[in-house]
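>
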Ligand SMILES: [Zn+2]
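In this note's numbering, the protein residues as written are 246 to 437.
(1) Suppose only complete runs of 4+ residues qualify. What are the alpha helix (DSSP H) ranges in the segment 311 to 344, listed by chain order?
(2) Tell me which residues share the same chain as residue 420 and place their Cβ nearer than 8 Å to its Cβ, disregarding the 5 neighbours each side in the sequence.
(3) Between residue 331 and ligand 1, is there a pair consisting of the residue's CB and a ligand heavy atom that are separated by less than 8 Å?
(4) Could you tell me the distance, in whole angstroms, from the CA atom of residue 320 to the CA atom of residue 365?
(5) Straight-line CA distance for residue 422 to residue 402?
(6) Determine contact between the segment 405 to 413 and the segment 373 to 389, defined as no fewer than three beta-carbon pairs at a distance below 8 Å.
(7) Measure the beta-carbon distance from residue 352 to residue 336 and round it to whole angstroms, keeping in mind my assumption that it falls under 8 Å.
(8) Give the secondary structure of residue 308 by DSSP, where H, G and I count as helix, E and B as strand, and everything else as coil.
(9) Over what stretch of residues does the alpha helix (DSSP H) that includes residue 281 continue unbroken?
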């Protein structure tokens, strides 16, 4: 009865949770800012561990290369518009997206496997399952009783017991898929 597909994870839960910080670290460890920057334009060696290139920000029309990438620190700074940060910020600026999207873009582009949810999350889900199953069972029972309350006056005057049962079955099979659909929708709302 209970669908065992995982509930949708909201963006908020995703970006504030333990999993996000862990994933962010995995991505930052796996990519190098100089390589990512090269993907957005030409960056040239500029003494020491620095690279110089045009700003990756689409609306900064950088005529002279103003963006410096510091390889050792894995950071960048644009001396034209003042933007600075790490590789996630760089992708965020270049793609015009938020940090979590930048992280997903990099993970996909470089085939980085993101860490799974921590064991504590799975333990919590497992603990809650019996409660959820019980709630589902109760909801089904409430629906069943409601349906029969509607049905009962309709068949009260039918003498033939077999016919009464058949009518009940008809109503049940006609209405049950609709009821199940309602339950599913209700659960989707609850999960978001
Ligand atoms: Zn700039």
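For every residue, glycine included, the Cβ atom is placed at its ideal position computed from N, Cα and C.
Please read all numbers here as calculations on a predicted model, not as lab measurements.
Short version:
(1) 332 to 340
(2) 392
(3) no
(4) 34 Å
(5) 27 Å
(6) no
(7) Their Cβ separation, rounded to whole angstroms, is 11 Å, which puts residue 352 and residue 336 out of contact at 8 Å.
(8) coil
(9) 278 to 283
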